[in-house]
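Each step along the sequence shown adds one to the number in numbering that gives the first Met the number 0, with nothing skipped, and position 192 is 191.
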Amino acid sequence: MNTIQVALGDRSYDILIEPGLLKRAGPILAPYARNDRLILVADDNSARHCVPLLSDALAAEGIRCDVLTLPAGEATKSWTHLAELCDRLLALEIERKDHVIAVGGGVIGDLVGFAAAIIKRGCQFIQVPTTLLSQVDSSVGGKTAINTGAGKNLIGSFHQPSLVLIDPETLATLPERELRAGYAEVVKYGLIDDPAFFDWCEANGVALLAGDLDARTRAIVSSVSSKARIVAADERETLDIRALLNLGHTFGHALEAERGFSSAMLHGEAVAAGMGLAFRFSAERGLCPTDEAERACVHLAAVGLPAGLHGFNTPGAHLVAHMLHDKKRSGGTLPFILARGIGQSFVDKSIALDEVAAFLDRQPR
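Here is the structure:
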């Protein structure tokens with residue numbers, strides 16, 4: 000068992016990582032049950048593949064499960080499904096000390112976490128992420144939110160989970176495209192501040208995607224350790240430390256918005272394209288060696304991820320207009336995460352958006 004702590008004083012919590020963990024989760028989750036009951040919220044996919052493992056493990060401890068199921072997909076992170084989930088949880092007479100268990104990808108984790116943050120002014124929740132993206136990124140750190148027509152994750156709160164359980168074996172049922180999309184967030188940690196981990200990704204990324212369980216576990220442990228360290232240092236993104244985790248996201252969210260936050264472009268695909276653009280923009284401005292930027296893009300392309308604007312015919316000014324709704328915008332400026340090289344990312348708050356639009360117009364499509 001790999002145990003990583005997110006050190007936040009009296010709100011600290013553990014992240015447990017081990018293949019086969021869901022089958023053995025009963026004794027771990029039993030202390031969080033009230034009146035021998037736990038509420039599980041899952042998407043359609045996790046309800047089929049993962050909830051039965053958890054339910055059986057909990058039943059062996061004498062704990063019954065109420066299971067609520069929601070549709071899979073980014074569209075579920077909406078006002079409509081938030082209201083539906085809150086009403087269903089209240090109908091189950093949820094109390095503040097109860098723990099709701101989110102079983103699924105980032106959509107379910109974000110939605111359940113936000114519902115837990117606002118129901119009765121705050122109840123508790125546990126993350127059981129079942130996709131690579133949610134295991135290495137969204138399940139850790141307490142960012143919860145829904146999307147709106149104006150943009151992604153604009154309505155939400157910081158609400159930390161009580162526990163995170165990660166079973167790399169759940170990735171065996173993940174569609175190849177979803178797995179690749181999650182891998183973008185793995186590579187991100189190497190590109191932010193860990194060039195040795197990026198080296199490891201170059202050597203092992205293909206094996207990870209092909210099903211190597213040891214490689215998957217190693218990538219998850221390394222990624223989660225990095226995120227736990229960053230979150231502990233800057234929980235609410237006030238020191239420009241946690242902001243580094245947004246590498247690729249300012250460009251990427253604009254691409255997602257252009258695709259209507261739909262399955263036409265998965266979040267991880269948008270992040271990959273955004274990271275490629277961030278590195279090329281950095282190189283164009285003379286901040287990053289061109290060969291370093293191309294190295295990042297070559298690896299993303301080698302594993303089947305986008306690294307630029309292929310498939311987009313949208314004018315740069317139109318994509319930049321989406322960025323104006325970015326929640327990180329402050330005082331009329333928008334911070335960009337740029338790079339001086341592999342593992343040398345930094346925050347730049349001096350970028351003019353018309354310069355970004357012109358850069359985007361010059362990119363190959």
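Backbone N, C-alpha and C fix where the C-beta goes; we use that ideal spot for every residue, glycine too. Please read these numbers as outputs of a predicted model, since none were measured by experiment.
Straight-line gap, residue i to residue j (C-alpha atoms, nearest Å)
{"i": "residue 228", "j": "residue 5", "result": "7 Å"}
{"i": "residue 35", "j": "residue 240", "result": "41 Å"}
{"i": "residue 243", "j": "residue 314", "result": "27 Å"}
{"i": "residue 127", "j": "residue 88", "result": "18 Å"}
{"i": "residue 97", "j": "residue 139", "result": "20 Å"}
{"i": "residue 360", "j": "residue 311", "result": "11 Å"}
{"i": "residue 22", "j": "residue 2", "result": "17 Å"}
{"i": "residue 342", "j": "residue 59", "result": "46 Å"}
{"i": "residue 252", "j": "residue 318", "result": "9 Å"}
{"i": "residue 209", "j": "residue 188", "result": "20 Å"}
{"i": "residue 144", "j": "residue 154", "result": "5 Å"}
{"i": "residue 279", "j": "residue 225", "result": "24 Å"}
{"i": "residue 355", "j": "residue 238", "result": "24 Å"}
{"i": "residue 249", "j": "residue 61", "result": "46 Å"}
{"i": "residue 99", "j": "residue 67", "result": "10 Å"}
{"i": "residue 92", "j": "residue 9", "result": "27 Å"}
{"i": "residue 218", "j": "residue 198", "result": "12 Å"}
{"i": "residue 193", "j": "residue 19", "result": "28 Å"}
{"i": "residue 326", "j": "residue 320", "result": "13 Å"}
{"i": "residue 202", "j": "residue 290", "result": "18 Å"}
{"i": "residue 328", "j": "residue 51", "result": "42 Å"}
{"i": "residue 301", "j": "residue 213", "result": "21 Å"}
{"i": "residue 305", "j": "residue 245", "result": "17 Å"}
{"i": "residue 322", "j": "residue 350", "result": "12 Å"}
{"i": "residue 101", "j": "residue 284", "result": "42 Å"}
{"i": "residue 86", "j": "residue 55", "result": "26 Å"}
{"i": "residue 39", "j": "residue 233", "result": "30 Å"}
{"i": "residue 335", "j": "residue 90", "result": "43 Å"}
{"i": "residue 211", "j": "residue 174", "result": "15 Å"}
Residues of its chain near residue i, where Cβ-Cβ distance is below 7 Å and the 5 sequence neighbours each way are ignored
{"i": "residue 57", "result": "25, 28, 37, 64"}
{"i": "residue 231", "result": "5, 6, 7"}
{"i": "residue 116", "result": "143, 156, 158"}
{"i": "residue 235", "result": "157"}
{"i": "residue 292", "result": "278, 279, 281, 282"}
{"i": "residue 178", "result": "131, 170, 208"}
Contact check, residue i vs residue j, beta carbons under 8 Å
{"i": "residue 247", "j": "residue 270", "result": "yes"}
{"i": "residue 156", "j": "residue 124", "result": "no"}
{"i": "residue 352", "j": "residue 337", "result": "no"}
{"i": "residue 255", "j": "residue 348", "result": "no"}
{"i": "residue 176", "j": "residue 265", "result": "yes"}
{"i": "residue 81", "j": "residue 69", "result": "no"}
{"i": "residue 267", "j": "residue 183", "result": "yes"}
{"i": "residue 15", "j": "residue 191", "result": "no"}
{"i": "residue 72", "j": "residue 262", "result": "yes"}
{"i": "residue 346", "j": "residue 222", "result": "no"}
Sequence-distant residues of the same chain with beta carbon closer than 8 Å to residue i, five excluded per side
{"i": "residue 215", "result": "131, 167, 170, 207"}
{"i": "residue 288", "result": "282, 340"}
{"i": "residue 94", "result": "33, 119, 122"}
{"i": "residue 286", "result": "337, 338, 339"}
{"i": "residue 357", "result": "315"}
{"i": "residue 161", "result": "12, 31, 98, 123, 124, 125"}
Presumed contact (8 Å Cβ cut-off) between residue i and residue j, rounded CB distance
{"i": "residue 363", "j": "residue 307", "result": "7 Å"}
{"i": "residue 369", "j": "residue 181", "result": "One cannot answer for residue 369 here, as it falls past the ends of the chain, which runs 0 to 364."}
{"i": "residue 12", "j": "residue 205", "result": "Rounded, the Cβ-Cβ distance is 33 Å, inconsistent with contact."}
{"i": "residue 48", "j": "residue 172", "result": "5 Å"}
Cβ-based neighbour list, residue i, same chain, cut-off 6 Å, excluding 5 preceding and 5 following
{"i": "residue 137", "result": "105, 108"}
{"i": "residue 366", "result": "Examination of residue 366 is not possible in this model, given that the chain is present from 0 through 364 alone."}
{"i": "residue 103", "result": "41, 42, 45, 129"}
{"i": "residue 146", "result": "76, 260"}
{"i": "residue 186", "result": "200"}
{"i": "residue 257", "result": "313"}
{"i": "residue 17", "result": "0"}
{"i": "residue 133", "result": "104, 105, 108"}
Residue i at chain B interface by Cβ criterion, 8 Å
{"i": "residue 322", "result": "Although the question refers to chain B, the structure presented lacks it and comprises just one protein chain."}
Notebook entry, point to check: Should the segment 287–307 be regarded as contacting the segment 259–278, the criterion being three or more beta carbon pairs within less than 8 Å?
Noted result: Taking a cut-off of 8 Å for Cβ pairs, the segment 287–307 and the segment 259–278 touch, as three or more such pairs fall below it.
Next item on the list: Determine, using beta-carbon pairs with one atom in the segment 71–87 and one in the segment 97–116, whether at least three such pairs fall under 8 Å.
Entry: Contact between the segment 71–87 and the segment 97–116 is present: 3 or more CB-CB pairs across the two stretches fall below 8 Å.
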